[in-house]
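A.B. asks: After the structure tokens below, expect a handful of questions from me.
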Amino acid sequence: MKRYSTALLFLLVFVGISAQQDTINITAKISENSNLISVDQDIIYYNTTDLPIKKIKLLNWISAYKNRNTPLLSRTLQDRKTDMYFAKKEELGDTDDLKIKIGSSGWDYLSGNDENIYYPLAEELKPGESVKISLQYLLKIPHKKFTGYGIDQNSLSFKYFFIVPDSFENLDQSPQYFQNIEENQSPGNYWKINFDLPATYFVESNLERIERTSFAGPLNKDPEFLITLKSTDQMITEIDGQKIELDFGYKLNADERQNLEFYLPLQLHFIKNKIGNLPAKIFITEKFKKDEDFIGIDDLQFWKFHYQLFKNHEQTDLNYFSILSKAIVQRSVIFEKSNDHWLMNGLKTYLEIEYLDRYYKDRKLLGDLPDQLKIFGLKPLKFFRLSKLELSERYGLAYQYMVTQNLDQKIDEPFEKMSNFNATAISHFETGSLFAFIAEKMGQEKFDDFLKNYLTKYAAEQVDQKVFLDELSLASGYSSDFFEDFIKQKNRVNFKLKRFRKIDDNFQVKVSKNTPQTIPFKIETEEQSGEKQTFWFDTDTSEKIVEYNIPQSNAEKIIINDHYIFPEKNFRDNYLYTKGVFSNMKKLKLKVFKDIPNPEYNEIYVNPRLSFNAYDKVLFGINFKNGSLFDRKFQYSFTPYFSSGTGQLAGSGGVSYSFQPANSFYRSLDFGVSASHFHYDFDLTYRKLGAFVGINFAKNPRSDIGRGIGFSYNYLEKDLDPTKQNQTEYGKYNLWNLGYGYSDRSLIHEKSSNINFQWMEDFQKISTEFSYRWEFAEDKKVSFRFFGGYFINNNTKNDLFNYGISKVSNYAFSYGLLGQSATSGVFAQQLIVAEGGFKSYLGSTANKWITSVNVDSHVWRWFNVYADAGVYKNKNQSAEFIWDSGVKVKVIPDFLEVYFPIQSSLGFEPSFKDYGQRIRFTLVLNFSAITSYFRRGWF
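Last residue of the sequence shown: 938 (numbering that gives the first Met the number 0), numbering continuous.
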């Protein structure tokens with residue numbers, strides 16, 4: 000009996016402690032036309048741990064804005080934003096004149112420079128006990144442009160600025176830093192806040208309003224305030240007898256309000272039927288609206304063209320459903336953003352998926368764009384599979400894309416470590432798809448009942464992931480057992496339809512999976528009439544082929560997990576036909592334009608190609624390849640050309656394969672072979688055969704750093720000019736290369752380096768290159784390049800393999816030169832910034848060694864100045880110093896740039912009669928380089 004009494008007492012004490020919440024009472028005085036806020040604050044601080052504590056920890060996150068040495072600044076640079084890095088001192092934020100008092104003790108001055116403030120207690124604070132903390136301080140509010148929180152000319156958006164306890168504090172009291180990921184700082188507390196404002200100011204908040212400038216109440220997330228010079232909008236509706244107030248931190252336009260009056264009750268009813276409860280008040284700021292609106296439905300505008308993908312009322316409906324579902328889910332229980340993001344974002348996305356299935360089932364991913372976009376009366380997008388994809392398929396496609404890049408991350412990766420793209424593709428889309436998958440397997444009503452019960456049972460408590468998953472497993476009849484292990488790793492799950500056989504009126508279908516996880520799967524059969532039937536099957540830990548019985552006699556097609564409902568690595572083996580020539584096979588399909596791959600077919604892309612060089616002139620070709628908009632492990636590409644300049648055939652082709660393990664020290668191991676045949680001079684052709692292997696090392700998806708090692712072999716054979724003496728010419732040669740490359744594409748300090756060892760029968764040489772680009776002011780950069788090359792041995796018959804000073808030899812035919820052998824004319828003026836990298840024509844080649852430094856700095860708008868200097872040495876000659884300088888015009892930065900030489904070792908070059916021929920240009924026609932440039936900051 001005593002044992003039971005002790006247990007009951009312990010339970011009551013534990014419940015009492017866990018139910019305690021800190022109370023925070025604040026008075027904030029704001030002066031007109033000032034970014035300073037004077038704060039008086041009292042905190043009733045509870046020890047919610049199970050051990051005594053000797054110090055308290057408070058979060059002072061406004062100090063994240065104080066200088067360039069904070070995690071917030073590092074993250075903004077990773078997101079390709081330089082506003083805060085180049086901010087003026089008066090635009091930054093911090094805490095001044097900070098005083099603290101514990102209980103009835105005297106005031107003590109503290110530094111407000113740290114984001115985590117630790118203050119010793121005179122006496123230990125035991126579990127469940129509380130202490131009163133009094134604070135006085137002055138807040139200097141940062142500019143709003145950095146994070147969306149702060150001050151601008153029209154408003155003050157206020158979040159994370161007050162000094163507060165850490166609601167997720169552990170016994171280690173480890174520091175927590177603000178990174179602008181909408182983290183929860185101090186949720187679950189009781190707040191009472193009064194603003195002392197000029198009479199002309201308005202204030203809104205997600206807390207309940209007590210008076211015009213006073214707010215109070217408990218909150219599952221952090222409080223947020225908007226102070227403006229103009230009033231904002233409000234809408235009130237009633238759902239099942241409950242009054243719901245929506246406060247907007249902006250003015251609604253007439254169409255928006257009219258559409259919301261219709262859609263708002265519909266949306267709130269839908270969400271309540273799914274999760275059970277709605278908050279009495281919802282506050283939507285401009286920042287929240289921008290962050291949480293429905294991705295991919297905005298109008299397309301460029302130049303004079305405007306295309307509306309979705310009608311205005313559809314945009315309003317989808318955007319506000321996405322916004323409301325997130326606002327409501329994050330208020331249902333307490334989420335710790337870093338670790339619980341997948342649960343919060345996944346539930347929000349699940350609601351989205353279900354809403355689309357109810358009201359937008361037939362809507363396509365591109366909306367009305369395929370019908371609106373016309374070229375000469377044709378609708379070109381109609382030819383793309385992209386135009387036929389359903390809107391709901393976007394969730395699986397985003398995950399598929401990251402898998403093909405091998406840049407996906409595990410679902411429970413801490414949110415601050417996720418790339419921006421994975422924050423959507425993994426945390427939201429993949430997790431939401433899994434919830435929808437489980438809901439369909441266990442039954443929609445059962446899943447929704449589980450959600451309602453769970454969110455009601457644990458309302459106002461911090462979410463426990465294991466409890467959630469355990470209770471979901473019970474509710475689903477253990478169909479979701481795989482979920483706990485699934486979220487802890489990068490997955491490469493693949494279900495494969497092997498073959499089928501028909502016995503009487505049934506199909507016996509052989510299916511394999513490549514994982515011991517007990518993941519269920521769905522088989523659909525489709526008849527010629529389009530009628531479908533669905534069959535669900537559970538699996539065990541076996542990876543062997545299992546035969547499943549499908550009681551369906553008229554099926555024409557058998558499909559596993561159609562419409563990307565489960566995040567598999569490969570959907571190409573999920574389809575089988577039961578009749579005709581392609582029975583037990585995949586159909587072949589020819590396509591003209593690069594597209595989203597259709598896993599139902601073996602697709603071959605056949606499209607016309609145009610190319611040009613000075614000798615073949617215009618090249619007309621047809622390209623055959625299997626590469627779609629999503630990379631494949633095995634890829635081939637063959638392009639035969641007809642040369643209009645010679646009347647002969649030319650072309651190129653290659654085959655490659657990429658190993659991409661989910662978890663390894665390397666991201667990809669690539670190898671392949673290639674061949675090409677073109678003219679390199681008038682009536683002279685070259686033939687090139689090559690093989691390569693390369694390793695791209697694993698990278699942090701949030702990082703801009705990449706490393707790789709490559710090895711290649713090339714056999715080259717070229718026609719020689721019969722009118723010249725050929726004893727010193729190379730008609731055939733073999734080239735071997737071994738190299739290592741490093742690149743860091745970070746903002747402000749961009750770096751790259753490589754080292755390369757190359758050899759053939761007559762020489763061995765080693766070279767290294769280092770580049771550094773520094774953004775010294777906003778949109779103004781200076782770059783430095785160093786090159787060093789040395790021949791270990793050089794017994795070559797001519798200067799073909801020498802280091803270039805002003806012009807590269809291109810003996811490997813690896814540079815995109817328009818005039819390979821041009822010595823005069825426009826084509827001869829093309830510049831490749833490699834080897835010496837000089838822009839003026841200084842010397843020819845170096846057959847012993849060379850070092851050079853190239854400097855390039857921004858001056859004004861599209862204009863840069865450049866300077867090059869170096870020393871080179873040829874055999875049996877003294878080393879020679881050379882230099883040049885001039886102006887560079889950036890027509891298209893990094894892709895098309897023109898160089899005008901001014902002064903060099905030769906003298907004042909504009910005074911030369913042939914100055915027009917001394918102007919140089921760079922031209923980069925590399926689509927992969929362009930796409931890589933624009934995706935920086937995403938992954």
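Using N, Cα and C, we set each Cβ at its ideal position, and we do this for glycine too.
1. Looking at the structure shown, is Tyr-871 part of a helix, part of a strand, or coil, going by DSSP?
2. Got a sec? Which residues, its chain only, sit under 8 Å from Lys-578 by beta carbon, not counting five neighbours each side?
3. Assign Asp-946 to one of three DSSP states: helix, strand, or coil.
4. What is the DSSP secondary structure of Arg-79, reduced to helix, strand or coil?
5. Can you tell which of Ala-866, Trp-773 and Ser-766 has the C-alpha that lies nearest to the C-alpha of Glu-834?
6. Please report the residue range of the alpha helix (DSSP H) in which Ile-374 lies.
7. Rounded to whole angstroms, how far is the Cβ of Lys-717 from the Cβ of Leu-683, which I believe are closer than 8 Å?
8. In or out: Lys-325 buried (at least 16 other Cβ within 10 Å) or exposed?
9. Would you give the residue range spanned by the beta strand (DSSP E) that Asp-448 belongs to?
10. Should Asp-370 be labelled buried (16 or more other beta-carbon atoms within 10 Å of its own) or exposed?
11. Would you give the residue range spanned by the beta strand (DSSP E) that Ser-808 belongs to?
12. Contact defined as beta carbons within less than 8 Å: I believe Val-886 pairs with Phe-862. What is the distance between those atoms, to the nearest angstrom?
13. Given that a residue counts as buried once 16 or more other Cβ atoms are within 10 Å of its Cβ, and exposed if not, what is Gly-105?
14. Taking DSSP as the reference, what is the three-state secondary structure of Pro-119?
15. Return the residue from the list Ser-742, Pro-909, Thr-921 and Asp-680 that minimises the CA-CA distance to Ser-820.
16. State buried or exposed for His-748, treating a residue as buried only when at least 16 other CB atoms are found within 10 Å of its CB.
17. Determine the extent of the beta strand (DSSP E) in which Pro-100 is found, giving its start and end residues.
18. When the Cα atoms are used, what is the spatial distance from Met-0 to Pro-126?
19. So, for Glu-530: in the same chain, excluding its five sequence neighbours on each side, which residues have a beta-carbon less than 8 Å away from its beta-carbon?
20. Do you know whose CA, among Leu-124, Leu-473 and Asp-778, lies nearest Leu-50's CA?
21. Enumerate in chain order the residues of its own chain whose CB-to-CB distance from Asp-539 is below 7 Å, with the five nearest sequence positions on each side excluded.
22. Would you give the residue range spanned by the beta strand (DSSP E) that Lys-543 belongs to?
23. State yes or no: is the C-beta of Asp-113 within less than 8 Å of the C-beta of Ser-73?
24. Kindly list the residues whose CB is nearer than 6 Å to the CB of Thr-921, restricted to its own chain and excluding five residues on each side of it in sequence; keep chain order.
25. In angstroms, rounded to a whole number, what distance separates the CA positions of Ala-18 and His-312?
26. Starting from Phe-194, trace the alpha helix (DSSP H) both ways and give me its first and last residue.
27. Going by alpha carbons, who is nearest to Arg-67 out of Ile-52, Tyr-84 and Gln-77?
28. Do the region 752-771 and the region 784-791 meet, that is, are 3 or more Cβ pairs less than 8 Å apart?
29. What does a CB cutoff of less than 6 Å around Arg-362 pick up in its chain, not counting 5 residues either side in sequence?
30. How big is the Cα-Cα spacing for Val-14 and Ala-458?
31. Using 8 Å as the Cβ pair cut-off and three pairs as the minimum, do the region 221-228 and the region 154-167 touch?
32. For Pro-596, which residues from the same chain have a beta carbon less than 6 Å from its beta carbon, with the 5 sequence-adjacent residues on both sides left out?
33. So, is Ser-475 buried or exposed, given that buried needs 16 or more other C-beta atoms within 10 angstroms?
34. With C-beta atoms as the reference, is Gly-111 less than 8 Å away from Lys-131?
35. Which two residues bound the contiguous alpha helix (DSSP H) that contains Gly-395?
36. What residues in its chain sit with their C-beta under 6 Å from that of Ser-230, if we drop five residues either side in the sequence?
C.D. replies: In short:
1. Here Tyr-871 carries a strand assignment [DSSP, helix/strand/coil].
2. Scanning its chain for C-beta atoms nearer than 8 Å, with the 5 sequence neighbours on each side dropped, one finds around Lys-578 the residues Glu-555, in chain order.
3. Here the chain has residues from 0 to 938 only, and residue 946 is not among them.
4. Looking at Arg-79 - three-state DSSP - the assignment turns out to be coil, as it is neither helix nor strand.
5. The candidate whose alpha carbon is nearest that of Glu-834 is Ser-766.
6. Per DSSP, Ile-374 belongs to no alpha helix (DSSP H) and is neither H nor E.
7. That pair is a contact at about 7 Å.
8. Around the beta carbon of Lys-325, a 10 Å sphere encloses 16 or more other beta carbons of the protein chains shown; the residue is thus reported as buried.
9. Taken as a continuous stretch (DSSP letters only), Asp-448 belongs to no beta strand (DSSP E), being part of the alpha helix (DSSP H) at 443-456.
10. In the assembly as shown, Asp-370 is an exposed residue. Its beta-carbon has fewer than 16 other beta-carbons within 10 Å.
11. Judged by DSSP secondary structure, Ser-808 falls outside any beta strand (DSSP E); it is assigned neither H nor E.
12. At roughly 6 Å, the Cβ-Cβ gap stays under 8 Å, so Val-886 and Phe-862 are in contact.
13. Counting Cβ neighbours within 10 Å, Gly-105 comes out exposed, since fewer than 16 surround it.
14. In the three-state scheme derived from DSSP, where H, G and I count as helix and E and B as strand, Pro-119 is classed as strand.
15. Nearest C-alpha to Ser-820: Asp-680.
16. His-748 is exposed by the Cβ-count criterion.
17. The displayed chain sequence assigns Lys, not Pro, to residue 100. From DSSP, the beta strand (DSSP E) with Lys-100 extends over 93-101.
18. Interpretation of Met-0 is limited by its pLDDT of 38, a score under 50 that renders its predicted location unreliable; the figure taken from the coordinates is listed afterwards. CA-CA distance, Met-0 to Pro-126, rounds to 26 Å.
19. Short of 8 Å from the beta carbon of Glu-530, and not among the five residues preceding or following it, lies no beta carbon of its own chain.
20. It is Leu-124.
21. Hits under 7 Å: Thr-517.
22. From DSSP, Lys-543 is part of no beta strand (DSSP E); its letter is neither H nor E.
23. Result no, Cβ atoms of Asp-113 and Ser-73 do not sit closer than 8 Å.
24. Same-chain partners within the cutoff: Leu-830 and Glu-896.
25. Confidence at Ala-18 is low in this model, with a pLDDT of 48, below 50, so the placement of that residue should be treated as unreliable; the coordinate-derived value is given next. The C-alpha of His-312 is placed about 44 Å away from the C-alpha of Ala-18.
26. First-last for Phe-194: 188-195, but that is the beta strand (DSSP E), not the alpha helix (DSSP H).
27. Of the candidates Ile-52, Tyr-84 and Gln-77, Tyr-84 places its Cα closest to the Cα of Arg-67.
28. Under the Cβ criterion (8 Å, minimum of three pairs), the region 752-771 counts as touching the region 784-791.
29. Once the five neighbours on either side are set aside, the close Cβ partners of Arg-362 are Leu-390.
30. Note that Val-14 scores 38 on pLDDT, short of 50, meaning its location in the model is unreliable; the coordinates nonetheless yield the value given after this. Here the C-alpha atom of Val-14 lies approximately 15 Å from the C-alpha atom of Ala-458.
31. Taking 8 Å as the limit for Cβ pairs, the verdict is that the region 154-167 does touch the region 221-228.
32. If we look at Pro-596 and ignore the five residues flanking it on each side, its Cβ neighbours are Ser-627 and Phe-629.
33. With 16 or more other Cβ atoms from the protein chains shown falling within 10 Å of its own Cβ, Ser-475 counts as buried.
34. Not in contact: Gly-111 and Lys-131 (Cβ atoms no closer than 8 Å).
35. Run containing Gly-395: 393-404, per the alpha helix (DSSP H) assignment.
36. Here the set comprises Phe-201.
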